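Residue numbers (the numbering used here): 856 to 1035.
Even for Gly, the Cβ is constructed at its ideal location relative to N, Cα and C.
Just so we're clear, the structure is a prediction, and the values are computed from it rather than from any experiment.
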Amino acid sequence: MSAAPAAVRLRTAGPSDAGAWSALHLRCLDETYRPLFGDAFADRQQAAAERTAGYDLALLADPHVRTLLAVDDDGAALGLVSAGPAPAAWEGRAGVPAPLVPLQLFQLYVLRAAHGTGLGAALQEAAIGSADAYLWIMDGNARAERFYARHGFRALAESFPAGGPWTGQRMHRMLRTGTA
């Protein structure tokens, strides 16, 4: 089991955390994807802030979705994770093949300053433990893919076009089975 770094605690997040959650989510999107996909892509993500906030609020309000924030001693949010029943509604609309397991890791983001501290592993452990699960990852996000591989996930031999503010990129699933 992974423990959160000292001076960081994990707490359940709910709809009242939507503002902080979305601000952190957007900041992490920028830190992660601007270096990978360029300014135009990252700017599109920021322009879709209202859409992102709506998605985040829906996750935070869903009683079937586990949502956790990592906060420091001052209450500043450093990371977030959400996981719940699969598939997500958009997967069916996109015609994606059915998931192989009933649990999806929807989001796992940690500020760049907290990379390498064990915070990502602690968030993942708190959200899904050792359960069989899958997640979506953007093609080309090698750092995240290595992280998930260290935690028992394997990339599936598939690639799908992303939609919305992600248009122009491709994504694939990673799956973990046999660990529970």
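Buried or exposed: residue i, going by 16 or more other Cβ atoms within 10 Å of its Cβ?
| i | result |
| --- | --- |
| residue 932 | buried |
| residue 893 | exposed |
| residue 867 | exposed |
| residue 1023 | exposed |
| residue 975 | buried |
| residue 862 | exposed |
| residue 977 | buried |
| residue 991 | buried |
| residue 969 | buried |
| residue 865 | buried |
Assuming contact is defined by CB atoms lying nearer than 9 Å, are residue i and residue j in contact in what I supplied?
| i | j | result |
| --- | --- | --- |
| residue 1020 | residue 882 | no |
| residue 963 | residue 982 | yes |
| residue 922 | residue 872 | yes |
| residue 1011 | residue 956 | no |
Using 8 Å for Cβ pairs, my map puts residue i next to residue j. What's the rounded Cβ distance?
| i | j | result |
| --- | --- | --- |
| residue 939 | residue 925 | About 18 Å; that fails the 8 Å criterion. |
| residue 870 | residue 944 | 19 Å between Cβ atoms; not a contact. |
Under 8 Å Cβ to Cβ from residue i, same chain only, skipping five residues before and after it: list those, please.
| i | result |
| --- | --- |
| residue 885 | 897, 900 and 901 |
| residue 1014 | 994, 1025, 1026 and 1027 |
| residue 958 | 938, 939, 940, 941, 983, 986, 987, 988 and 989 |
| residue 895 | none |
| residue 979 | 857, 936, 960, 963 and 1006 |
| residue 911 | 873, 876, 877 and 880 |
| residue 1017 | 993, 1023, 1024, 1025 and 1026 |
Using a Cβ-Cβ cutoff of less than 6 Å, which residues in the same chain neighbour residue i once the five nearest sequence positions on both sides are dropped?
| i | result |
| --- | --- |
| residue 920 | 914, 937 and 939 |
| residue 889 | 897 |
| residue 1033 | none |
| residue 965 | 934, 974 and 975 |
| residue 928 | 862 |
Looking only at its own chain, which residues have a Cβ that is under 7 Å from the Cβ of residue i, when we skip the five neighbours before and after it?
| i | result |
| --- | --- |
| residue 967 | 886 |
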